[in-house]
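Visitor:
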């Protein structure tokens, strides 16, 4: 070990050996100007600024990616760029270009190319009531656009009628399938063009899109193989590698929405297909439902039928195999001229008692969820990814399409705003939140270090974007409060809060646990489970009243406020009105 430096020692000569032991003269080593104290202080300050800016950029990147995934899901991101007024979009191995301003503009062009312009023009030549359902939707979409279009080249909004929703939905489904590495099969396109097969093929594309958005990779079965009956495709959940054999069934309906095919029969048909992996069956009720109460009652009825079938259903003389069953009702095509009810979704297990079943404790429920993690992630994705993206890169519509170029508030950015004394001064946004339709931000003057709270008005478009993306709206991830309705909601809140807490601190939170020695042998994850469970029970003892399963089912049967047309957010569209 070298001798310590002495503060009262003699001054080091410039030609003396350097104190660091390098063998160089002091003036050529640590006696150089950059090692002078003022320069060292300046360099240290610059380094701190660089590190702080690096952290800020990482936080912004994380927020942008979370925001994009909230819009686009967990498949491949939209790959797009703009050059000289043209928008280029990559879909799989192909590149499309046009003067599209919104993602919906691109989709309206993409579906025409994919389905086929020649076929579309032949359908348009027919009387309206004889056209293919897709082209009847297209006719209604064009009329809605013409009724709301502004000046040429200007963006405009349209009501989200059932026809608009159904047409955009199919276009987006086809895009997702192609963009995520799977050529759209010629057989699937042929079925889509066929009136009699359209509903089933349409639902198949929707199921594929839902799985892609949830982070699954799809492998379609060989459409040329007619030697045996097999499921539509295999879905692999990428994070875990678990595989599922997927079958999609949409019930045939008569005009007016009454069903021809019973739910139990559709389930039997699906389970009769050859499957190499765990089965995942989607059944769409395809019912014309005009209020939320009727929708939930229809879902309850379908669940009851499937559960009753567990006892008696046989396939080729043997007990039917187990499966995950996702029941849906897509109402768009039954309300073409009105604001349709949102798609309803329910997940149940067929001969899988520990999936969506009754559990002895919160920890048991959490562990069951882990055992069926891909299905719970799929359900969460179905609930979150209900809208088609409006922008190409995950940007907020209010930021891209607004005619008022007011800069969006972002944490870490500088703005010229009134200071505490009323005089304008450059200030940095440190943190922000929205309350009562206004943004409240903690501002900091970088020169003086003074902090104050600034209030900023928000436009209706900005408020709509904040409602969709409250955690990332201000440019970095800031978790906003969630309302806990069930015991598992509260459990998840505590589990997330303690997710990265060291074992010692977790054990310290469990001072009243009866077997302290046992805690020392548990993993960090097991300790988090115990802490979350005990804190949840503590919250319940202190007055938190979670909703029971019976109460949630009662809400299904009609104690919920139905969705109003004014609650719907219309998509932005530009003036692209062309026949296919």
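In the numbering used here, the protein residues as written are 13 to 592. We put the CB at the ideal spot given by N, CA and C, even for glycine.
#1: From what residue to what residue does the beta strand (DSSP E) around residue 383 run?
#2: Out of 91, 126, 341, which has the shortest C-alpha to C-alpha gap to residue 211?
#3: Take every Cβ of the region 387-401, pair it with every Cβ of the region 295-306, and state whether three or more of those distances are shorter than 8 angstroms.
#4: Based on the DSSP output, what are the partners of residue 341 in its beta bridges?
#5: Buried or exposed: residue 423, going by 16 or more other Cβ atoms within 10 Å of its Cβ?
#6: Looking only at its chain, what residues have a beta carbon closer than 6 angstroms to the beta carbon of residue 538, apart from the 5 residues adjacent to it on each side?
#7: Please report the residue range of the alpha helix (DSSP H) in which residue 190 lies.
#8: On the CB-based measure, 16 or more other CB atoms within 10 Å of its CB, does residue 459 come out buried or exposed?
#9: Taking only the alpha-carbon atoms, compute the straight-line gap between residue 153 and residue 397 and give it to the nearest angstrom.
#10: Mind checking who residue 261 pairs with in its DSSP beta bridge?
#11: Once you ignore the five residues that flank residue 198 on each side, which residues in its own chain have a CB closer than 6 angstroms to its CB?
#12: How would you label residue 338, buried or exposed, when you count the other beta carbons within 10 angstroms and need 16 or more for buried?
#13: Are the CB atoms of residue 91 and residue 75 nearer to each other than 8 angstroms?
#14: Roughly how many angstroms separate the alpha carbons of residue 526 and residue 518, rounded to a whole number?
#15: Would you kindly report the start and end of the unbroken alpha helix (DSSP H) that includes residue 106?
#16: Can you give me the C-alpha to C-alpha distance between residue 63 and residue 491, rounded to a whole angstrom?
#17: Hey, residue 507 and residue 544: beta-carbon distance below 8 angstroms or not?
#18: For residue 366 and residue 498, I'd like the C-alpha separation in whole angstroms.
#19: Let me make sure I understand the geometry here. Which of 37, 416, 479, 425 has the alpha-carbon closest to that of residue 447?
#20: What do you reckon, are the CB atoms on residue 11 and residue 151 nearer than 8 angstroms?
#21: Check for me: the beta strand (DSSP E) holding residue 467 runs from which residue to which?
#22: Quick one: grab the DSSP three-state call for residue 197.
#23: At a cut of 8 angstroms, does the region 187-197 reach the region 161-172 through at least three beta carbon pairs?
#24: Just the C-alpha distance for residue 374 and residue 384, rounded to the nearest angstrom, thanks.
#25: Give me the residue from 296, 360, 368 with the minimum Cα distance to residue 315.
#26: Quick one, are the C-beta atoms of residue 254 and residue 243 less than 8 angstroms apart?
#27: In chain order, what residues of the same chain lie with their CB nearer than 7 angstroms to the CB of residue 135, ignoring the 5 residues before and after it?
#28: Between the alpha carbons of residue 571 and residue 307, how many angstroms are there, rounded?
#29: When the Cα of residue 178 is compared with those of 44, 546, 351, which residue comes out closest?
#30: Roughly how many angstroms separate the alpha carbons of residue 343 and residue 181, rounded to a whole number?
#31: Could you tell me the distance, in whole angstroms, from the CA atom of residue 161 to the CA atom of residue 428?
#32: Starting from residue 519, trace the alpha helix (DSSP H) in both directions and tell me its first and last residue.
#33: With a threshold of 16 other CB atoms inside 10 Å of the CB of residue 346, please say whether the residue is buried or exposed.
#34: Across which residues does DSSP place residue 98 in a beta bridge pair?
#35: Going by C-alpha to C-alpha distance, which of 443, 426, 445 sits closest to residue 437?
#36: Using a threshold of 8 angstroms, state whether the C-beta atoms of residue 221 and residue 256 are closer than that.
Guide: Looking at the atomic coordinates:
#1: Within the chain shown, the letter at position 371 stands for residue 383. Where residue 383 is concerned, there is no enclosing beta strand (DSSP E), although the alpha helix (DSSP H) it sits in stretches over 374-383.
#2: Along the chain shown, one-based indexing puts residue 211 at 199. 341 is the residue among 91, 126, 341 whose C-alpha sits nearest the C-alpha of residue 211.
#3: With a cut-off of 8 angstroms on Cβ pairs, the region 387-401 is not in contact with the region 295-306, counting fewer than three such pairs.
#4: Here residue 341 corresponds to residue number 329 of the chain shown, with the count starting at 1. 356, per the DSSP bridge assignment.
#5: Start at 1 with the first residue of the chain shown, and residue 423 comes out as number 411. Buried.
#6: Against the chain shown, residue 538 aligns to sequence position 526. If we look at residue 538 and ignore the five residues flanking it on each side, it has no Cβ neighbours.
#7: Numbered from its first residue, the chain shown carries residue 190 at position 178. Where residue 190 is concerned, the enclosing alpha helix (DSSP H) starts and stops at 174-191.
#8: One-based indexing of the chain shown puts residue 459 at position 447. That one is exposed.
#9: Numbered from 1 along the chain shown, position 141 holds the residue referred to as residue 153. Numbered from 1 along the chain shown, position 385 holds the residue referred to as residue 397. In a straight line, the C-alpha of residue 153 is about 22 angstroms away from that of residue 397.
#10: Residue numbering aside, residue 261 sits at position 249 when the chain shown is read from its first letter. In DSSP, residue 261 forms a bridge with 295.
#11: Taking the chain shown and counting its residues from 1, one reaches residue 198 at position 186. Nothing listed; no residue qualifies.
#12: Counting from 1 along the chain shown, the entry for residue 338 is found at position 326. Around the beta carbon of residue 338, 16 or more other beta carbons sit within 10 angstroms, so the residue counts as buried.
#13: For the purposes of this step, residue 91 is taken as residue 79 along the chain shown, with counting starting at 1. For the purposes of this step, residue 75 is taken as residue 63 along the chain shown, with counting starting at 1. Not a contact, by the Cβ cut-off of 8 angstroms.
#14: By 1-based counting over the chain shown, the position of residue 526 is 514. By 1-based counting over the chain shown, the position of residue 518 is 506. So the two alpha carbons sit approximately 15 angstroms from each other.
#15: Here residue 106 is taken as the residue at index 94 of the chain shown, counted from 1. Looking at the DSSP string, residue 106 is not in any alpha helix (DSSP H); the run it does join, the beta strand (DSSP E), is 106-110.
#16: Walking along the chain shown from the start, residue 63 turns up at place 51. Walking along the chain shown from the start, residue 491 turns up at place 479. When only Cα atoms are considered, residue 63 and residue 491 end up about 23 angstroms apart.
#17: In the chain shown, counting from the first residue as 1, residue 507 sits at position 495. In the chain shown, counting from the first residue as 1, residue 544 sits at position 532. By the CB criterion at 8 angstroms, residue 507 and residue 544 fall inside the cutoff.
#18: Counting from one through the chain shown, the residue named residue 366 turns up at place 354. Counting from one through the chain shown, the residue named residue 498 turns up at place 486. For residue 366 and residue 498, the gap between their C-alpha atoms comes out near 19 angstroms.
#19: For the purposes of this step, residue 447 is taken as residue 435 along the chain shown, with counting starting at 1. Taking only the C-alpha atoms, the option nearest residue 447 is 479.
#20: The requested residue 11 is not part of the displayed model; the chain covers only 13 to 592.
#21: Mapped onto the chain shown, residue 467 falls at position 455. 463-469 is the extent of the beta strand (DSSP E) around residue 467.
#22: The residue you call residue 197 lines up with position 185 of the chain shown. DSSP places residue 197 in coil when its eight states are reduced to three.
#23: Counting Cβ pairs under 8 angstroms, fewer than three are found: no touch.
#24: Here residue 374 refers to the residue found at position 362 when the chain shown is read from its first residue. Here residue 384 refers to the residue found at position 372 when the chain shown is read from its first residue. Cα atoms of residue 374 and residue 384: separation of roughly 15 angstroms, rounded to the nearest angstrom.
#25: If you number the chain shown from 1, residue 315 lands on position 303. Looking at the Cα atoms, 360 is the closest of the given residues.
#26: Translated into the one-based positions of the chain shown, residue 254 becomes position 242. Translated into the one-based positions of the chain shown, residue 243 becomes position 231. No. Outside cutoff.
#27: Taking the first residue of the chain shown as position 1, residue 135 is located at position 123. Here the set comprises 143, 144, 147.
#28: By 1-based counting over the chain shown, the position of residue 571 is 559. By 1-based counting over the chain shown, the position of residue 307 is 295. Unreliable positioning characterises residue 571 in this predicted model, as indicated by a pLDDT of 40, which lies under 50. A coordinate reading is not provided.
#29: Position 166 of the chain shown, counted from the start, is the residue given in the question as residue 178. Checked all of 44, 546, 351; the closest Cα to residue 178 is 351.
#30: Working through the chain shown from its first residue, we reach residue 343 at position 331. Working through the chain shown from its first residue, we reach residue 181 at position 169. So the alpha carbons of these two residues sit roughly 12 angstroms apart.
#31: Residue mapping note: residue 161 aligns to position 149 of the chain shown, counting from 1. Residue mapping note: residue 428 aligns to position 416 of the chain shown, counting from 1. Distance from the CA atom of residue 161 to the CA atom of residue 428, rounded to whole angstroms, is 37 angstroms.
#32: Counting from one through the chain shown, the residue named residue 519 turns up at place 507. First-last of the alpha helix (DSSP H) with residue 519: 515-520.
#33: Numbered from its first residue, the chain shown carries residue 346 at position 334. Counting Cβ neighbours within 10 Å, residue 346 comes out buried, since at least 16 surround it.
#34: Locating residue 98 in the chain shown gives position 86, where the first residue counts as 1. Beta-bridge pairing links residue 98 to 95.
#35: Stepping through the chain shown from its first residue, residue 437 is reached at position 425. Considering only alpha carbons, the answer is 426.
#36: Walking along the chain shown from the start, residue 221 turns up at place 209. Walking along the chain shown from the start, residue 256 turns up at place 244. No, they are not a contact pair.
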